[in-house]
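Let me begin by presenting the structure, written as C-alpha cells, before commenting on it.
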Ligand code: DQA
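In our numbering, the protein residues as written are 6 to 152.
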C-alpha cells in the first residue's frame with residue numbers, strides 16, 4: 006500500500022515553532038520516524054510539504070491513480086480551505102486527516118475543519134504519532150473495503 010503524506014503551511018518549522026504545542030522533532034525527523042514505523046507495517050509513504058494552498062491542491066490532483074490514499078495535515082488550511090476540500094472530493098482519493106496537536110483543546114477556530122466530513126477519519130493530539138495512527142486506520146479501512 007502506498008500513501009502520500011501531505012503537510013501544510015508552517016509545518017516545515019517543526020522543532021522551532023511553538024515547541025510546547027508541536028514538540029521538538031524537526032520536520033525531517035518527523036518524516037523519518039513516520040516512514041520507519043509505516044515501512045514495518047508494509048506501508049510505503051511519500052512526503053510533500055508546502056506553504057501554498059495551490060501547491061497542495063496540485064499535489065492532491067497529481068496523486069490520482071498513483072497512490073492508494075492520502076494522509077493530510079493541512080495545518081491552518083484545515084480551517085479555511087474550500088479548495089483543498091474540493092480537490093479531495095474531485096479526485097476521490099481516500100484520505101485521513103491528522104493533526105499533531107489536539108485541535109479541540111485549543112482556540113475555538115481550530116475546532117472547525119472544512120475536510121473532516123470528506124475524509125475517512127481524523128486523528129489529532131498524538132504528536133508525530135498521529136500520522137502513524139491515521140495511516141494505520143486508512144490502511145485497515147482500505148483492506149476491509151477490498152475484501
Ligand atoms: C495543526 C493544527 C492547526 O490548527 C494549525 O494551524 C497547524 C498545525 C496540527 O498539526 O496540530 O498549523 O494542523
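We treat Cβ as the ideally placed atom computed from N, Cα and C, and that holds for glycine.
| request: Check each residue's C-beta against every heavy atom of ligand 1 and list, in chain order, those closer than 6 angstroms. | output: The set, ordered by position in the chain, is 15, 78, 80, 81, 83, 104, 105, 106, 108 and 115.
| message | In this structure, how does DSSP classify residue 46 when only helix, strand and coil are distinguished? | response | Along the chain shown, one-based indexing puts residue 46 at 41. Here residue 46 sits in coil by DSSP.
| message | Please return the same chain residues whose Cβ sits closer than 7 angstroms to the Cβ of residue 73, not counting the five positions on each side in sequence. | response | Counted from its first residue, the chain shown places residue 73 at position 68. Cβ-Cβ distances below 7 angstroms link residue 73 to 6, 7, 8 and 147 in the same chain, with the five nearest sequence neighbours on each side left out; the list follows chain order.
| Supposed close pair residue 81, residue 14 - CB separation, criterion 8 angstroms | Residue numbering aside, residue 81 sits at position 76 when the chain shown is read from its first letter. Residue numbering aside, residue 14 sits at position 9 when the chain shown is read from its first letter. About 6 angstroms separates the beta carbons of residue 81 and residue 14, which is inside the 8 angstroms limit, making them a contact pair.
| task | Give every residue of the same chain whose Cβ lies closer than 6 angstroms to the Cβ of residue 38, excluding the five residues on either side of it in the sequence, and list them in chain order. | result | Locating residue 38 in the chain shown gives position 33, counting from the first residue. Shown here for residue 38: same chain residues with a beta carbon closer than 6 angstroms to its own, the five before and five after excluded, namely 133 in chain order.
| residue 86: which of 125, 135, 115 and 136 sits nearest, CA to CA? | The sequence position of residue 86 within the chain shown is 81, counting from 1. The residue among 125, 135, 115 and 136 with its C-alpha nearest the C-alpha of residue 86 is 115.
| said: Please report the distance separating the alpha-carbon of residue 22 from that of residue 70. | reply: Within the chain shown, residue 22 is the residue found at index 17, counting from 1. Within the chain shown, residue 70 is the residue found at index 65, counting from 1. Roughly 35 angstroms separates the two Cα atoms.
| Looking at C-alpha atoms only, which residue of 25, 49, 90 and 88 is the closest neighbour of residue 143? | Translated into positions along the chain shown, residue 143 becomes position 138. Selected option, being the one with the closest Cα: 49.
| To the nearest angstrom, how far is it from the Cα of residue 64 to the Cα of residue 109? | As a working note, residue 64 is residue 59 in the chain shown. As a working note, residue 109 is residue 104 in the chain shown. When rounded, the distance between both Cα atoms is 28 angstroms.
| Smallest Cα separation from residue 36: which of 89, 26 and 78? | Indexing the chain shown from 1 puts residue 36 at position 31. Ranked by how close their Cα comes to the Cα of residue 36, the residues 89, 26 and 78 have 78 in first place.
| task | Starting from the Cα of residue 150, find the closest Cα among 125, 129, 138 and 103 and give me that residue. | result | Looking up residue 150 in the chain shown gives position 145. Comparing C-alpha distances from residue 150 to each of 125, 129, 138 and 103 shows the shortest one belongs to 125.
| Cβ neighbour criterion (16 or more within 10 Å) applied to residue 18 | Within the chain shown, the letter at position 13 stands for residue 18. Exposed, by the Cβ-count rule.
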